[in-house]
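Using full-length UniProt numbering, the letters of the sequence shown map in sequence onto residues 1 to 391. Ideal placement from N, C-alpha and C gives every residue a C-beta, glycine not left out. Computed from a predicted structure; not experimentally measured.
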Amino acid sequence: MKTLGIIAFVSLFAILSLGNINRNELNEVALVYAIGIDREADNYVVSLQVINPQPPNSPSDKLPVVVYDTEAKSMGKAIEMVSRKISRQLSPAQVQLIIIGESVAETIGVNGVLNYILREPGLSSMLDILITKDINAGDALKVIPHMEDIPGSEIVKTLENTEENWGSHQRILPTQLKADILSRGVEAIIPTIVLIGDKKVAEEKGNLESIAPKAYLELSGLTVMNEDKRSGWLNDNQSRSYYLIKGTLKNSYFSSYCSDQKEEFGLTIIHSKTSIHGKVNNGIPKFKIKVDLIGDLDELNCEMDITKPEEIKKIETLMKKDIEASLKDLITQSQTLNCDFIGFGDILRIDDKSNWKKYEKLWQKEIFAKSQYEITANVTVRNYGDINISD
């Protein structure tokens, strides 16, 4: 039955997909920008965010998108039902975003959805995937944005911004997500989106009339998967630590308490490097984790004279301890969930192949939680500008 559903979905979207669209055809198609997928009882609830055509250089009261919801036993059937509601032919070639509802991740899992995406020739392999928390995927697509015209575009650009500048979220492509789900040495991680404020207000045009938005979408941590189902959630600090330990952190900002534990200082991280090595010793997998960070001192609320080298050393030591503690917290969380989303199994597979072959099948269930870790962080303050003494 699942196979028939996949075939129906692929066949339908293959028919609907138009590939390259010329100017004349634009008047005949409905461009799908984002897709939301939820689960209700035994049915899929599919939401398509379709760009609302507007005459060029012509003011209009119409919203830039329309969201169509349908419910059916299969995604293919749901898509077909959407096509009955609109006067134009659906084109999925422009889809930039897939939002998977937590109801899918907690019940049947995301593997089926991924199979649909990867088998559909009309969809790009470079689209972004998110999971919702405390909101349906379809409702997330209906939140009216403040900065962009198209809701899906605001979500995609927010994800790009946080990846480049803050480090708490990074985009994951369908192929990488599928590979992580199938791997025995690492579990998958998916960026998570939440709604701040009231859902009803978020969907009303009046929400745009307030300088301070009363409702909006926000990226919030990462969803941890166990195989293809939701296992847990990481907050923003843990998410940043995750990308740091994975060695993929770009620019970011770290803050730490001064010696008095009252005020804080902050570093903008401009470079980071992580190395992890593992080996089985006396039947226990042991890992050594080393993290090197270079940052600029951007804020100092501590009473210290940083023209003195020993004071800079204090700042580096305080930040070092905080980072080591945050990495320890992340590993503890992964072992509590009994879910190796960091990928220590993959490290062992490379560094200690013979023992990995012994432990591979039992890694997630028994061995991983018993593993031991040694964490070392090195922090270097490169620049501190005109910051001197804080009173």
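In this structure, K286 is the residue among K286, T192, V67 with its C-alpha nearest to the C-alpha of R349. Just measuring C-alpha positions, the residue of F368, I375, R84 sitting nearest I289 is I375.
Taking C-alpha positions only, Y33 is separated from W166 by approximately 26 Å.
The C-alpha of H169 lies about 37 Å from the C-alpha of R84.
Boundaries of the beta strand (DSSP E) harbouring Q372: 372-383, taken from the DSSP string. The residue from T248, D149, I108 with its alpha-carbon nearest to that of V65 is D149.
A direct Cα-to-Cα measurement between P213 and I172 gives close to 28 Å. Residue burial annotation: M147 is exposed, with fewer than 16 other C-beta atoms found within 10 angstroms of its C-beta.
By the Cβ rule, the segment 195-206 does not count as touching the segment 270-284, because fewer than three pairs are nearer than 8 Å. By the Cβ criterion, the segment 331-338 is in contact with the segment 366-374, since at least three pairs of Cβ atoms, one from each stretch, lie closer than 8 Å.
The residue among D340, S326, W363, T380 with its C-alpha nearest the C-alpha of I312 is T380. Taking a C-beta distance under 8 Å as the contact criterion, D298 and T268 qualify as a contact pair. Between the segment 250-269 and the segment 300-320 there are three or more C-beta pairs closer than 8 Å, enough to call the two in contact. A contact between stretches requires three or more CB pairs, one per stretch, nearer than 8 Å, and the segment 152-167 fails this requirement with the segment 180-190. Between V224 and L141, the beta carbon gap of about 24 Å keeps them out of contact (Cβ cut-off 8 Å).
When DSSP assignments are scanned along the segment 209-275, the uninterrupted stretches of alpha helix (DSSP H) that are 4 or more residues long and fall wholly within it turn out to be 236-246.
A direct Cα-to-Cα measurement between Q238 and I86 gives close to 44 Å.
Here the alpha carbons of M304 and Y384 stand approximately 13 Å from one another. Judged by DSSP in its simplified three-state form, V50 adopts strand. Membership of A34 in any alpha helix (DSSP H) is not indicated; the residue belongs instead to the beta strand (DSSP E) covering 29-40.
According to DSSP, F287 shares a beta bridge with G278, Y373. Counted as a single uninterrupted DSSP element, the alpha helix (DSSP H) harbouring D322 occupies residues 309-336. The distance from the Cβ of I144 to that of N207 is about 6 Å, consistent with a contact at the 8 Å cut-off.
Per the coordinates, the alpha-carbon of I245 lies some 17 Å from the alpha-carbon of P191. Ranking F265, I367, I99 by CA distance to the CA of P151 puts I99 first.
Nearest to I37 by C-alpha distance, out of A30, I131, R230, I294, is I131. DSSP places D298 within a strand segment (E or B) once states are collapsed to three.
Considering only P174, D340, E366, the residue with the shortest C-alpha distance to E120 is P174. Judged by their CB atoms, I323 and G295 are not nearer to each other than the 8 Å cut-off. Taking C-beta separations shorter than 6 Å and ignoring five residues to either side along the sequence, the partners of I347 in its chain run I276, G278, following chain order.
Between the alpha carbons of E203 and I135 lies a gap of roughly 13 Å.
Per the coordinates, the alpha-carbon of G101 lies some 40 Å from the alpha-carbon of Q261.
Within the segment 118-200, the complete beta strand (DSSP E) segments of 3 residues or longer fall at 128-132, 189-197, listed in chain order.
For A202, DSSP records no beta bridge to any residue. Residue pairing for Q89: DSSP places it in a beta bridge opposite V29. Beyond the five residues adjoining it in sequence on each side, I342 comes within less than 8 Å, by CB distance, of V186, Y242, I245, K246, L330, I331, S334 in the same chain, given in chain order.
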